[in-house]
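Under UniProt numbering, the first residue of the sequence shown carries the number 1, and numbering increases by one thereafter.
All remarks here apply to the structure that follows.
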Amino acid sequence: MDEDNKLLDSTELQELKKDSGAQSETFQEAPKSDSDSSSSNDSMRAIKDISLDQMDKNGGDVNNSEVEDGTNLEENANPNDDVISEHTKKVEEYMLAAKKGDIPVLKQLLESGDVKVNDCLSENVSALHWCALNNHLAAIKYLVSKGADINFAGGNLVATPLQWACRYGYVYVVDYLLRTCKAEYKSKDIQGFNCLHLAVHSSNIMMVIYITRFTDIDIDETDPKGRTALHWAAYQGDVLSVEYLLQLHPSVNISDELGFIPLQWCLVRQSQSTMTKLIAAGSDLHHLAANGKDCWTMAREMNSTSYFTAALRECGYSKDYTRLYKYTSLFSKRNAKILTFFSPFLVLTLCLQIIANSGNALIGLVIATIIYIGQTLLIGKKLVPFYNHTPHALLKSPFFSGVFASTAFLCIVSWVFKLLPATFLANPLSNIVLFILILILGPSFIKSMTSDPGCIPREKDNMKIKQTIEQLIYERKFDASNFCIYTMIRKPLRSRFDRDRMRNIARFDHYCPWVSNQVGVRNHKTFLCFATSLHLAIFVIFFLTRAYFNTLDDDDDDDDENTGLCSLIGENFCLGYRHSSYTFYLLIWVVFQQTWLTMLILVQFFQISRGYTTYEFDGRHAHLHNSNPTFASIPTDELAKYGQAMQVESSDTADSTIETLNDMPANQEPQKISSTSKVLFCLSAGVMKSSVGKILGLKQFALISRDLIRMRGRRQFQQIGSPYNYGFVKNWLNFLFLKKPGESYSLKTLVKIPEHGEANLGDSYVDYYRLYQAPVNPNYTLV
């Protein structure tokens, strides 16, 4: 194929690589094009073959990396020159000190008069550029105080220090140059990129947020190739930047010079999540590029058809772009949810009747199992997608709460019409206790299912958002652990962002499919009340059902078929099996529910006693060191001051990605683990990844079991704790009672539910909607 017909010319790429100012190992290549794109198949493949490496976001020095013109300082000297002027040597020393952020050397050279603050070498890069490139904020401040030109455009890209810092995502450097030095931010480099384009190139979402909030750059401003910031974010597969930019309502259908809209660049990058966001935002699915090709043609050529199909389905579209589900006044999303919730009422009753009346329990069980699985698949594939297209949608649907509600309903009906009349005279107290438990259970279940778990409102006022960012920058905490990139708020401690509600949930504990709701600061106590009352009610039902079976007359003396079974389950239950089989199988089903419920209560009891939430306990075992970057860009000369503090506090912040609480203290040798323990560890690892484990709550139980086996000594186990662990008694008092300073423990404070994020923590009365610093805990030391 003629090289001139390539969509992305390799020579242009090399030139762009030379001019972009990127480091040698982390260069971010840009899609270049010439005017001729006739050979479209080869063109698209040429685009796909581009390597778009991430920018270096670690904030470290690049003293030995290539400079903007692709060479090292030491290589700039002409080896044929016999004599290099003394001034040039001083300037080279000056540049090297700028690269290192060596303020004493910079000060000595400037004060001695050997160099001037704006001196450059042949590549026309100033010392301020080098400090910006290496994230040396203190050195930048010093040079600016000496008169450095903050708007000097140097290097092959003719870019300013501000643009260099934007390209590498150094937020604190950009903040100083913009807000303190009033640097010019509307200028473009020689490639035509403005600060917003360069911020997107950095793939640092915090940099993108900062530029859009503190400048008035048009979100739809294009580069010379007609590409907006959204084009670039889509091409990079940077879903975080795409999601954020879409909040600012950019045009999603602007075409670049190739006729590509951002969605079509996603097809090149093969980023399904980015495709999903852009399709949901209203991208034109029928758009044709300049070469006349539509999205499906490009998807096939880029081997992206599976991603594109999945993205369409997640947005509710079929392959021909028609809606998969059409809503009517009778069958709306709300009605689909109601049908999902009530479907188990019919199916569970049917299954129990089939087992009870089949004549052969095994055959009845097989038939009932097939019906129940069929119902689950039908609801998951046909009904749930009407209102939820995301993965694991069935877990987030009202189906499992309907399973519980139907079970409770059948138990109450059985108690009212069978157990109560037959057992009240002999067991009045048990029936009264069950009645009281039902009165507690019903409202607490409804409240747990329908109440706000503690959703923190999103911030829409741009001035307040800017104030929050300014405060976090001042504290050196402007990163994804402390600032929510979706709701634009400072993240309170112990909160977590929930994609279903698109809000941060204060003191988030977990999502429970049995109540079809998240559990947070506002409904955690209600949820535990529901679980505990249900647990006790099952025990009482078991006792009353056994008493009910005792009242049945056994007039079948010659039934030899059930002799073996009766000897196994006992005489009482044998009577129930023979003469009230429906109640017998309902009891078995209820006792089965007791298994997961028991594990749930044990886990909750353990975690509350130790000062954990479920989410925090999961995070402690996640072993995901920096797998989800926080996008922190603390200046290199401040890492000694703020870096360690950031790591310590990250264990307390929401969505922390730095694990500081390990499974075993650092000063302890790992104990020898028995073969039984190894089997348990392997089983628990499998359980953690399964849907069954999530439904039944086996994951937390497995994690706690592992801990108890590994930490056999009480002292050793106590070395690993939560910063919110104030002791067993204080933890439970904080959880159960909600009292303001001066109030006493009473029934009123016991039943009180938070109106917002109010709670007790240690000896303090806190608001989890605005908790950014935990009360001092003398019992907690970081291992």
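Using N, Cα and C, we set each Cβ at its ideal position, and we do this for glycine too.
DSSP state of residue i, grouped into three classes?
i, result
"asparagine 734", "helix"
"asparagine 518", "What sits at residue 518 in the sequence shown is glutamine, not asparagine. Strand at glutamine 518."
"proline 775", "coil"
"isoleucine 456", "strand"
"histidine 389", "coil"
"threonine 88", "helix"
"phenylalanine 345", "helix"
"threonine 636", "helix"
"threonine 630", "coil"
"proline 250", "coil"
"proline 723", "coil"
Answer yes or no: does any C-beta atom of chain C fall closer than 8 angstroms to that of residue i?
i, result
"glycine 192", "Considering every chain present, this structure includes no chain C. It has just one protein chain."
Per DSSP, which one or two residues make a beta bridge with residue i?
i, result
"phenylalanine 483", "Arg490"
"glycine 154", "Ala159"
"arginine 503", "Asp498"
"isoleucine 261", "In the DSSP output, where bridge partners are listed per residue, isoleucine 261 has none listed."
"tyrosine 317", "Arg323"
Looking only at C-alpha atoms, which of the options sits nearest to residue i?
i, options, result
"tyrosine 170", "Phe483, His136 and Phe543", "His136"
"arginine 496", "Asp461, Cys120, Gly619 and Thr305", "Gly619"
"proline 453", "Lys116, Leu157, Gly101 and Ile753", "Ile753"
"proline 635", "Thr423, Asp479, Cys195 and Ile370", "Asp479"
"arginine 507", "Ala199, Ala774, Leu177 and Lys116", "Ala774"
"glutamate 243", "Thr276, Ala132, Tyr511 and Ser414", "Thr276"
"serine 202", "Thr215, Glu221 and Gln163", "Gln163"
"aspartate 238", "Leu263, Glu755, Leu288 and Ile541", "Leu263"
"isoleucine 140", "Tyr307, Ala183 and Val540", "Ala183"
"cysteine 181", "Gly757, Leu143 and Val540", "Leu143"
"phenylalanine 735", "Phe573, Leu528, Gln594 and Glu616", "Leu528"
"leucine 419", "Phe404, Phe435, Asp500 and Ala405", "Phe435"
"asparagine 156", "Leu441, Ser241, Ser126 and Tyr726", "Ser126"
"tryptophan 130", "Ala97, Lys107 and Ser112", "Ala97"
"glycine 282", "Leu267, Ala290, Cys315 and Asp294", "Cys315"
"isoleucine 473", "Tyr210, Asn124, Val751 and Tyr185", "Tyr210"
Give the straight-line distance between the Cα atoms of residue i and residue j, rounded to the nearest whole angstrom.
i, j, result
"isoleucine 601", "glycine 762", "23 angstroms"
"lysine 464", "tyrosine 772", "17 angstroms"
"asparagine 360", "aspartate 498", "47 angstroms"
"alanine 547", "serine 764", "49 angstroms"
"valine 776", "lysine 739", "19 angstroms"
"leucine 278", "proline 398", "28 angstroms"
"glutamate 475", "leucine 246", "28 angstroms"
"glycine 520", "serine 401", "18 angstroms"
"threonine 532", "asparagine 731", "18 angstroms"
"proline 385", "threonine 468", "38 angstroms"
"glycine 154", "aspartate 119", "11 angstroms"
"lysine 477", "arginine 770", "15 angstroms"
"valine 766", "histidine 756", "11 angstroms"
"threonine 305", "proline 344", "37 angstroms"
"alanine 537", "glycine 380", "31 angstroms"
"residue 820", "tyrosine 372", "Here the chain covers residues 1 to 783 and nothing more, so residue 820 does not appear."
"lysine 491", "isoleucine 505", "10 angstroms"
"alanine 408", "leucine 587", "11 angstroms"
"leucine 7", "leucine 258", "Only weak support exists for where leucine 7 lies, its pLDDT of 36 falling under 50; the coordinates are left without a value."
"leucine 288", "valine 252", "14 angstroms"
"isoleucine 354", "serine 580", "14 angstroms"
"phenylalanine 308", "serine 516", "30 angstroms"
Let's see if you can read the secondary structure: which residues bound the beta strand (DSSP E) around residue i?
i, result
"valine 766", "764-767"
"phenylalanine 497", "496-498"
"glutamine 745", "Sequence check: residue 745 is tyrosine here, not glutamine. Note, tyrosine 745: premise wrong, no beta strand (DSSP E); not H, not E."
"histidine 510", "510-512"
"alanine 759", "758-761"
"asparagine 431", "From DSSP, asparagine 431 is part of no beta strand (DSSP E) but of the alpha helix (DSSP H) over 428-450."
Tell me where the alpha helix (DSSP H) around residue i begins and ends.
i, result
"arginine 610", "581-610"
"threonine 212", "205-214"
"isoleucine 190", "Run containing isoleucine 190: none; DSSP gives neither H nor E here."
"lysine 141", "137-145"
"glycine 364", "361-378"
"leucine 110", "103-111"
"proline 549", "First, the residue type needs correcting, since residue 549 is phenylalanine and not proline in the sequence shown. Note, phenylalanine 549: alpha helix (DSSP H), 524-550."
"cysteine 131", "127-133"
"glycine 619", "614-620"
"asparagine 462", "462-474"
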